[in-house]
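Residue numbers (the UniProt record's numbering), protein chains in the order written: chain A, 1 to 338; chain B, 1 to 338. Don't be surprised by glycine CBs; every beta carbon is placed ideally from N, CA and C. Keep in mind the model is a prediction, meaning the values are calculated, not measured.
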DNA sequence: ATGAAAGCGCTAACAG
DNA sequence: CTGTTAGCGCTTTCAT
């Protein structure tokens, strides 16, 4: 590979000049710049990443920690990861992919070695074991998801509390008074990932205000478990006319089982989902839903982290994205409503 | 951050000694090693990645190019990516995440800058535009998926031809004589990704040998398109008793529509899927299937690339993983068979 | 078994 | 506007 020095010689300038045309950190006369750029082309020069990192103590790499565990809805993670990668590139950064496997050790390794300039951490738990380290490091960090205590942290997430509220509001407005929540698998709640609880909280608070009765049931998402869950729901609350589902895997089983039971959607029961748009539009009934803005989350995370890196430390600590509910074919007036 | 020199001073040895205890490239007396290791602990020393890369011209990073496009089944991509990341770590490498977005330019950038020592490319197309560059670079590269011409390349993939054959064999053995193939979306075929064609080829060849009639229909995977596809299939071939599905999105619609039409699985029609285990076991009927060994593909890719990096250039060029068919509840004897 | 020292290729003062 | 130069922290001969 050609080196900076070779380019300099070829262009008849000094090394620093080449360096500066590359970085734009000082003004270069047009002719010089052109000569240098021409030499760069001609020699097929690419700056050496290691040397650059060593000299500037910036690797231009952002580390992204993705969960190893795969019980979350995978396409969302992937979409976030891809959004992070492409947004990062557009800001001149590459992305290092870390799995949760190494846990806190990965944080130490990356910050200690200068491998990455900053870090984006996905799937944060309420009491995440990486939190102390993230607090300690002065390396810019952004979390996707909210831990219990966000003091001193920068986080991005969908406003799940508002999401929950929005779902009941929609159903209440349609006259529904008994609503069942089909939630994530019990394991998700046990792990305290936060978002499930927050949705529930939003749901409950607003339901209380609107006089809607709520029944919450976690659900594995398989046909068997959905079958059981559904029986228990109608057993306990025969008057249930509205469903809020926050569990991608449960959507198809739910719709399918409702159909088999002869309950029409949306004539007999309405269904509102919290899921990616794609899932909502591809289900057997086009679902009224609150979208999970995966792309935007990844993008915002990068922008926040880049702002920190370039010193434009944005004031905001927690960026909560406002939920948007899209009405589709799965929700309608409660039976017996005007 | 502590530097190597500081560790050396702290331990009362020379810098090179510290370097050698780290790399193990020459023998160190036990006491010296201990002193050095102790100092490393005490100072919380982590070697600087940039300096190391510059001095050794090895970054210990493997680049992974994932497709930007999201019309493939995402969980498989994610599973491969995670397998790549964890396997790479276990060999001492980190993984740089590149999206297909930059296209060939990314290859140039990475090889040119020494950012990564090697590259794993996913979702290769038959006539991939990155191929010429990959051929040109002497940087170890492994493809996941097969291009049209694999000469001089190292590739990992499921043996889709054998997969297709396996599927018909299973159905033929059960007495099925008319089989329909529900394939990937037309776009997948148009893009010439190879795997779909190869499955089809295996299917056709073996079907010919076994006297099974085949009907192939691409399918978008939505309920609407599946509905249309299904009608056309039974229209054209009313005697169809077997289905082979290679399209994760089409599975739920297919099962659901068959049920609605009153065709029982597996009593009236048998269904064999080519999909990840998880999808097969979570469908409304537990599916007889050939698994897509995502993890193994990621792992093998890393192992091949690491072998190249460490000079144990394995002889094999194309690693085709043998398909395995697992019989579950969706396939049974053809109606009217003894 | 250990040290000394020469770079690796680039950035960023410091000088004009 | 451009050149000179001193490192950045580590690896790796070459010595001993």
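In the DSSP annotation of this structure, the continuous segment of the alpha helix (DSSP H) that includes residue 309 (chain A) starts and ends at 294-309. Within 8 Å of the CB of residue 77 (chain A), the CB atoms of chain B belong to 78, in sequence order along the chain. Judged by DSSP secondary structure, residue 81 (chain B) falls within the alpha helix (DSSP H) whose first and last residues are 74-90. The C-beta of residue 317 (chain A) has fewer than 16 other C-beta atoms within 10 Å across all chains shown, which makes the residue exposed. The C-beta of residue 113 (chain A) comes closer than 8 Å to at least one C-beta of chain B. Counting along the chain, residue 233 (chain A) sits inside the alpha helix (DSSP H) bounded by residues 223-236.
Of all alpha-carbon atoms in A:111, A:185, A:73, the one lying nearest the alpha-carbon of residue 294 (chain A) is that of A:73. Around the beta-carbon of residue 151 (chain A), fewer than 16 other beta-carbon atoms lie within 10 Å, marking it exposed. Residue B:37 holds the alpha-carbon nearest to the alpha-carbon of residue 12 (chain B) among B:305, B:203, B:37.
Residue state for residue 251 (chain A) is assigned as helix, using DSSP reduced to three classes. The alpha-carbon separation between residue 173 (chain B) and residue 64 (chain B) amounts to approximately 41 Å. The beta-carbon separation of residue 219 (chain A) and residue 182 (chain A), rounded to 5 Å, stays under the 8 Å limit for a contact. Short of 6 Å from the beta carbon of residue 68 (chain A), and not among the five residues preceding or following it, lie these beta carbons of its own chain, in chain order: 99, 100, 101. Between residue 142 (chain A) and residue 154 (chain A), the alpha-carbon positions lie close to 5 Å from each other.
In its chain, beyond the 5 residues on either side, 26, 28 have a beta carbon closer than 7 Å to the beta carbon of residue 20 (chain A). Annotated three-state conformation of residue 219 (chain A) is coil, per DSSP.
Counting C-beta pairs closer than 8 Å gives fewer than three between the segment 202-212 of chain B and the segment 227-234 of chain B, which falls short of the contact rule. Looking only at A:278, A:177, A:44, A:225, the smallest Cα-Cα distance to residue 240 (chain A) is reached by A:177. In its chain, beyond the 5 residues on either side, 60 have a beta carbon closer than 8 Å to the beta carbon of residue 92 (chain A). By the beta-carbon neighbour count (other beta carbons within 10 angstroms, threshold 16), residue 314 (chain B) is exposed. By the neighbour-count criterion, in which a residue is buried when 16 or more other Cβ atoms sit within 10 angstroms of its Cβ, residue 252 (chain B) is buried.
Pairing residue 330 (chain B) with residue 286 (chain B) gives a Cβ-Cβ distance under 8 Å.
Apart from the 5 residues on each side of it in sequence, residue 45 (chain A) sits with its Cβ closer than 6 Å to the Cβ of 2, 7 in its chain, given in chain order.
Nearest CB-CB separation between residue 46 (chain B) and chain A: below the 8 Å threshold. Here the alpha carbons of residue 246 (chain A) and residue 180 (chain A) stand approximately 11 Å from one another. Around the beta carbon of residue 184 (chain B), a 10 Å sphere encloses 16 or more other beta carbons of the protein chains shown; the residue is thus reported as buried.
Residues of chain A whose Cβ lies closer than 8 Å to the Cβ of residue 299 (chain B) do not exist, since the nearest Cβ in that chain is about 13 Å away. Here residue 272 (chain B) really is in contact with residue 243 (chain B); their C-beta atoms are around 7 Å apart, less than 8 Å.
In the three-state DSSP reduction, residue 242 (chain B) falls in the strand class (E or B). The residue from B:254, B:276, B:113 with its alpha-carbon nearest to that of residue 269 (chain B) is B:254. Straight across, the Cα-Cα distance linking residue 211 (chain A) with residue 169 (chain A) is about 11 Å. With 16 or more neighbouring CB atoms inside 10 Å of its own CB, residue 48 (chain A) falls in the buried class. Residue-level contact check: residue 92 (chain B) does not touch chain A, since none of the beta carbons of chain A fall below 8 Å from its beta carbon. When DSSP states are grouped into helix, strand and coil, residue 174 (chain A) belongs to the coil group. As computed with DSSP, residue 181 (chain B) is found in a beta bridge with B:216, B:244. When A:336, A:335, A:311, A:324 are compared, the shortest CA-CA separation from residue 166 (chain A) is found for A:324.
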